[in-house]
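Notes to accompany the following structure.
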Amino acid sequence: MSLDVATLRKDFPLLDRKVHDRRMVYLDSAASSIPPQCVIDAMSTYYETTHANVHRGVYATAEEATRLYEHSRKVVGGFLGAPHPDEEIVFTKNTTESINLLAHSWGRKNLTAGDAVVVSIMEHHANIVPWQMLAEEIGIELRFLQVSDEGYLVLDDLDQLLEGAKLLSITAMSNVLGTINPIKELAQAAHAHGALIHVDGAQSVPHLPTDVATSDIDFLSFSGHKVLGPTGIGVFWGRRDLLEAMPPFLGGGGMILDVRTDGFLAANPPQRFEAGTPPIAEAVGLSEAIRYIQGIGIDEIRTHERELTSTALKAIDDQFGSRVIVHGPPAGDLRGGVLSLTLEGVHAHDVAQILDSVGVCVRPGHHCAKPLMRFLGVPATARASFGLYNDTDDIEVLLEGLEATAKLFA
Amino acid sequence: MADLEELYREIILDHYRSPRNRGELASPPALRAEGFNPLCGDEIVVTLDVNGGIVDDIKIAGQGCSISQSSASMMSAAVKGKNISEVRKTIATFKTLMSVHEAQLEESDTPEPEPIDLNALGELAALQGVVKFPVRIKCATLSWNTLAQTLDDAGV
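Chains A and U, in that order, give the protein sequences. Here UniProt numbering is used: the first residue of the first sequence is 1, the next is one more, and so on. Here UniProt numbering is used: the first residue of the second sequence is 1, the next is one more, and so on.
Below, the structure written as structure tokens:
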């Protein structure tokens, strides 16, 4: 293994938890990651020594809080390769809110009846429903890229689907299949058709190198709590010129330059999109999480998780053969550490329940991707997903639990 | 793990592997209702023929986990041939069995439920292990709520 996981694990107090008298084996990082101690400390220290509302007071702690909050944009922007972090990094509540911001602000301004938005059937509901809501409201057309039997995006009809489209909104990595999509190629295709591209980075940003400039995308969304940070904060990145032309999303304090009885003047980005008191401690925690990841190296994390995925796929195949289906592409460059399992004759809920009895945390269900589940022809899967703190010991316990499940239901 | 063995009793696994009264009756004339658990994607379709106040036949369709499927299977066996008031009573008793823990969890001010006659529940008593797994209670009650809905909709 390329990472010294045994040492790294000491940074994550929650991994010391015992459940049902067993070591807790956390395999649900695709749902939410576990924060390291430094993130918890950064947020506690902020509350213990600094907390005040931002962009308001002139007293010392208010200035310090504002500085910490604004500095978080630089850290996040640096991690994403954003050219102008101070103006381009918008803090939201989570990925879902980021995509809703895009749909409500950019979408309502730029889309009219009959305009097309292209997504794929492997999207999380967060990247489907906001567009369906716009379809209901203003009559846009929603088009879907399909998925092949191997779990890759079908790109054969990409040009056809992009014909006359205004936006391609696509995940960089499937939260069910682990498929890593060719974002740069998709961005080129979108731009060639005069469309913009938004990338749902909820699954990719924590696990793969991200560079918004070299991949030439227009918008990116991700969540703090999947990238070792706290819940309650998400990020929306947009190209500066695009953000400047977008109207506000939520209205209220903090997003205005002036308010009179007959109207208001909106602030510049990013404040224009941050109505109300923002998640200040969460921004402090998020930037600490990103510094922690940068300290380890996102390339090293990717290499580690790719090895882990490869080991797990092989071990499951060796031990269970056709009794266990792992949906999605084979191990390799286009496969992230997400393993959606179907165990022959056993419902995912039961798999997850029995795995819990040996301390293994996986997620059963449709993973907020029902169009994809319909395509796969399964009502639910049990999903195991890796983080940088997982190692081969965790895979062994997963296999032990799967064997116990198979035995009980044999 | 003792709790797990209590959850997955042999009788439950038997009903899961060999569900009773599987299928759908032609509706109409059969009464029909669908139930969904949006959290896990379980779906249940209950169809039943009621003649002269008696459940002459009942069929269960849909898909889901071992708890939801075995509970539905056991339910079909328990209510077939019974009159509606007996069916209503069985539904109430089963839901009481399941709600004991639910009520505690929600700290609701629901009055203490009547003591349950587990003997009267027959095989269904095997499902009492579910209450130790609060997330699974909705799996066990899905078919029962759907059956109650069917009766309510038909006004019987």
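Where is the CB? At the ideal position from N, CA and C, for every residue including glycine.
For residue i, report the span of its beta strand (DSSP E) as first-last.
| i | result |
| --- | --- |
| A/D327 | It should be noted that the sequence gives His, not Asp, for residue 327 of chain A. Looking at the DSSP string, the run of the beta strand (DSSP E) that includes A/H327 is 324 to 327. |
| U/V131 | No beta strand (DSSP E) contains U/V131, which DSSP labels as neither H nor E. |
| A/H349 | From DSSP, A/H349 is part of no beta strand (DSSP E) but of the alpha helix (DSSP H) over 348 to 357. |
| A/G295 | Taken as a continuous stretch (DSSP letters only), A/G295 belongs to no beta strand (DSSP E), being part of the alpha helix (DSSP H) at 280 to 296. |
| A/F222 | 219 to 223 |
| U/Q63 | 54 to 63 |
| U/N37 | 31 to 37 |
If you follow the alpha helix (DSSP H) that residue i is in, where does it begin and where does it stop?
| i | result |
| --- | --- |
| U/H15 | 10 to 17 |
| A/V5 | 5 to 8 |
| A/P36 | Here A/P36 belongs to no alpha helix (DSSP H), and DSSP marks it neither H nor E. |
| A/W131 | 129 to 138 |
| A/G78 | 60 to 80 |
| A/D374 | A quick correction: the sequence has Arg, not Asp, at residue 374 of chain A. Taken as a continuous stretch (DSSP letters only), the alpha helix (DSSP H) holding A/R374 covers 370 to 376. |
| A/V205 | Counting along the chain, A/V205 falls outside any alpha helix (DSSP H), and DSSP gives it neither H nor E. |
| A/D211 | Counting along the chain, A/D211 falls outside any alpha helix (DSSP H), and DSSP gives it neither H nor E. |
| U/L7 | 2 to 7 |
If we call anything under 9 Å between Cβ atoms a contact, is residue i one with residue j?
| i | j | result |
| --- | --- | --- |
| A/R291 | A/V75 | yes |
| A/P270 | A/E64 | no |
| A/H104 | A/F249 | yes |
| A/V154 | A/L145 | yes |
| A/A116 | A/R143 | yes |
| A/A331 | A/R363 | no |
| A/L341 | A/I325 | yes |
| U/A140 | U/S71 | yes |
| U/R22 | U/S73 | yes |
| residue 411 of chain A | A/I298 | Since the displayed chain A opens at 1 and closes at 410, residue 411 of chain A lies outside it and no answer follows. |
| A/N94 | A/H225 | yes |
| U/D3 | U/K132 | yes |
| A/E300 | A/R323 | no |
| A/L372 | A/V212 | no |
| A/E97 | A/G234 | yes |
| A/C368 | A/V25 | no |
| residue 411 of chain A | A/D333 | As shown, chain A starts at 1 and ends at 410. That puts residue 411 of chain A outside it, with no answer to give. |
| A/A406 | A/T381 | no |
| U/L7 | U/V130 | yes |
Check the C-beta distance from residue i over to residue j and give it rounded, since I have them as a contact under 8 Å.
| i | j | result |
| --- | --- | --- |
| A/S72 | A/A283 | 4 Å |
| A/T61 | A/A52 | 4 Å |
| A/Q319 | A/L399 | 6 Å |
| A/R335 | A/G178 | 5 Å |
| U/A78 | U/L124 | 6 Å |
| A/A202 | A/H124 | 7 Å |
| A/S29 | A/G365 | With 8 Å as the limit, A/S29 and A/G365 do not qualify as a contact, their Cβ atoms being about 16 Å apart. |
| A/R23 | A/G359 | 6 Å |
| U/S68 | U/D42 | 5 Å |
| A/A275 | A/G254 | 6 Å |
| U/S66 | U/I12 | 6 Å |
| A/V227 | A/I293 | 7 Å |
| A/P35 | A/P230 | 7 Å |
| U/K80 | U/V45 | Not quite, the Cβ-Cβ distance comes to about 16 Å (not below 8 Å), so this is no contact. |
| A/V58 | A/T66 | About 10 Å separates the two Cβ atoms, so there is no contact after all. |
| A/L15 | A/Y389 | 6 Å |
Do you know offhand how far residue i's Cα is from residue j's?
| i | j | result |
| --- | --- | --- |
| A/D159 | A/V119 | 13 Å |
| A/A218 | A/I296 | Correcting the residue type first, residue 218 of chain A is Asp in the shown sequence and not Ala. About 28 Å. |
| A/I140 | A/L161 | 14 Å |
| U/L151 | U/T47 | 10 Å |
| U/C40 | U/I60 | 18 Å |
| A/I329 | A/E150 | The sequence shown places Pro at residue 329 of chain A, rather than the Ile named in the question. Each residue's Cα considered, the two are about 5 Å apart. |
| A/A289 | A/S215 | 23 Å |
| A/S169 | U/E5 | 46 Å |
| U/L121 | U/A148 | 17 Å |
| A/I354 | U/N51 | 43 Å |
| U/E24 | A/V90 | 53 Å |
| A/E163 | A/P279 | 40 Å |
| A/F273 | A/R56 | 17 Å |
| A/Y47 | A/T112 | 45 Å |
| A/A82 | A/V5 | 30 Å |
Report task. Note down, in chain order, all residues in the segment 346 to 371 of chain A with a beta-carbon under 8 Å from any beta-carbon belonging to chain U. Result -> V346, H347, A348, H349, D350, Q353, I354, S357, P364, G365, H366, K370
Requested in this report: Determine which residues of the segment 37 to 59 of chain A have a Cβ less than 8 Å from any Cβ of chain U, and write them out in chain order.
Outcome: none
**Report entry** Selection of the segment 131 to 148 of chain U by Cβ proximity to chain A, strictly under 9 Å
**Finding:** F133, V135, R136, C139
Query - Proximal residues, the segment 35 to 55 of chain U versus chain A, C-beta separation under 8 Å - result: L39, C40, G41, D42, E43
Report task. Select from the segment 370 to 397 of chain A all residues with a C-beta closer than 8 Å to any C-beta belonging to chain U, and list them in chain order. Result -> K370, M373, P379, A380
Query raised in the report: Using a Cβ cut-off of 9 Å, which residues of the segment 61 to 78 of chain U contact any Cβ in chain A, in chain order?
Result: Q63, G64, C65, S66, I67, S68, Q69
Query raised in the report: What are the residues of the segment 311 to 343 of chain A that lie near chain U, defined by any Cβ-Cβ distance shorter than 8 Å?
Result: none
Query - Near-chain U residues of the segment 202 to 228 of chain A - C-beta to any C-beta below 9 Å - result: none
Query raised in the report: Quick one, which residues of the segment 263 to 295 of chain A are near chain U if we go by CB-CB under 9 Å, in chain order?
Result: So the list is empty, because no residue satisfies the distance condition.
Report task. With 8 Å as the limit, tell me which residues of the segment 396 to 410 of chain A have their beta carbon closer than that to any beta carbon of chain U; keep them in chain order. Result -> L408, F409
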